[in-house]
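Everything on this sheet refers to the single structure shown next.
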Amino acid sequence: MKKTYFIMAILLCSLFLSKNTYAQIGVEVNYGLNGVFEPSINDLSHLGGAISYDFDETYGMKIDFASDKFRTKNLLFTEETGIDITRISLQGTMNITTAFSRASSYDFFNLIAHAGAGYSLVKSSFNSGNDNLVNVVMGLTPRFKITDGLYFAIDTSVIFNISQHYNFDGSFSYTEAVNSFTGITYNVTGGIIYKFNENY
1 MKKTYFIMAI
11 LLCSLFLSKN
21 TYAQIGVEVN
31 YGLNGVFEPS
41 INDLSHLGGA
51 ISYDFDETYG
61 MKIDFASDKF
71 RTKNLLFTEE
81 TGIDITRISL
91 QGTMNITTAF
101 SRASSYDFFN
111 LIAHAGAGYS
121 LVKSSFNSGN
131 DNLVNVVMGL
141 TPRFKITDGL
151 YFAIDTSVIF
161 NISQHYNFDG
171 SFSYTEAVNS
181 FTGITYNVTG
191 GIIYKFNENY
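Read in the UniProt record's numbering, the sequence shown has 39 at position 39, and its numbers run on one by one without any break.
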């Protein structure tokens with residue numbers, strides 16, 4: 001599944017690069033806080049990355065990867081239990097700063113909005129089997145220029161894991177009749193963005 005998304009991203013980038021003189025390809029890496037509102041869980045255990053493609057100074061797309069670990073105290077066990085979520089998603093991006101002002105994407109500060117959907121794999125720390133989900137993700141990324149082509153970014157994202165069958169403590173969300181819910185998580189991360197072919 002990951003290989004398929006990666007190949008699709010490369011093909012799309014190649015297609016647009018041949019027609020658009022602005023076209024920019026970038027890579028992103030980030031690390032930071034992840035959490036759940038209900039039950040209240042948070043930890044510094046998020047690791048993510050992305051390959052991005054900008055059509056122009058305002059609109060673009062990215063394929064992103066993320067790994068999150070959630071652990072909490074389960075009264076049935078003597079140790080903390082939980083779930084690990086690995087996700088991949090295809091998202092559209094919009095530079096809010098350039099969309100609503102005369103600012104340039106090369107300025108010191110830009111605010112980027114992103115939203116999309118993808119696939120999540122959920123594994124329990126003590127129950128066997130995988131939970132295969134559809135995710136919907138949206139967020140905002142304040143971006144600060146360090147030097148030509150290199151940026152520091154702070155990202156805040158909310159992720160909806162649709163039809164989740166594991167609770168965040170790793171237990172099944174049902175006992176007899178199959179039941180699922182929409183798991184809502186969030187990330188607050190810091191990271192680096194590098195644009196390979198930035199124009200000046």
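Just so you know, even glycine gets a beta-carbon here, dropped at the ideal spot from N, CA and C.
Whole-number beta carbon distance between residue j and residue i, since they are thought to touch under 8 Å
i: residue 190; j: residue 154; result: 6 Å
i: residue 137; j: residue 101; result: Going by Cβ atoms, the distance from residue 137 to residue 101 rounds to 26 Å, so no, they are not a contact pair.
i: residue 98; j: residue 147; result: The pair is not a contact, with the Cβ atoms about 20 Å apart (cut-off 8 Å).
i: residue 41; j: residue 72; result: 5 Å
i: residue 25; j: residue 53; result: 6 Å
Simplified DSSP assignment, three categories, for residue i
i: residue 99; result: helix
i: residue 197; result: coil
i: residue 35; result: strand
i: residue 86; result: strand
i: residue 188; result: strand
i: residue 147; result: strand
i: residue 174; result: coil
i: residue 43; result: strand
i: residue 28; result: strand
i: residue 92; result: strand
i: residue 132; result: strand
i: residue 53; result: strand
i: residue 79; result: coil
Buried or exposed (CB count within 10 angstroms, at least 16 for buried), residue i
i: residue 182; result: exposed
i: residue 92; result: exposed
i: residue 196; result: exposed
i: residue 143; result: buried
i: residue 15; result: Low per-residue confidence applies at residue 15: pLDDT is 49, beneath 50, and the placement is therefore not dependable, though the value from the model is reported in the following sentence. Label assigned to residue 15: exposed.
i: residue 175; result: exposed
i: residue 107; result: exposed
i: residue 104; result: exposed
N-terminal and C-terminal residue of the beta strand (DSSP E) that residue i is part of
i: residue 151; result: 150 to 164
i: residue 119; result: 109 to 124
i: residue 67; result: 59 to 73
Among the options, the one whose alpha carbon lies nearest that of residue i
i: residue 140; options: 187, 47, 79; result: 187
i: residue 145; options: 92, 94, 175, 111; result: 111
i: residue 205; options: 113, 170, 87; result: Residue 205 is absent from the structure shown; the chain starts at 1 and stops at 200.
i: residue 120; options: 32, 45, 184; result: 184
i: residue 30; options: 160, 97, 152; result: 152
i: residue 135; options: 52, 57, 85; result: 85
i: residue 63; options: 41, 75, 168, 48; result: 48
i: residue 46; options: 61, 157, 194; result: 157
i: residue 35; options: 108, 148, 160, 179; result: 160
i: residue 27; options: 51, 37, 41, 42; result: 51
i: residue 55; options: 162, 33, 94, 87; result: 94
i: residue 118; options: 132, 105, 60; result: 132
i: residue 80; options: 149, 66, 109, 43; result: 43
i: residue 166; options: 124, 192, 150; result: 124
i: residue 180; options: 114, 162, 193; result: 162
i: residue 38; options: 83, 172, 168; result: 168
i: residue 68; options: 149, 122, 114; result: 122
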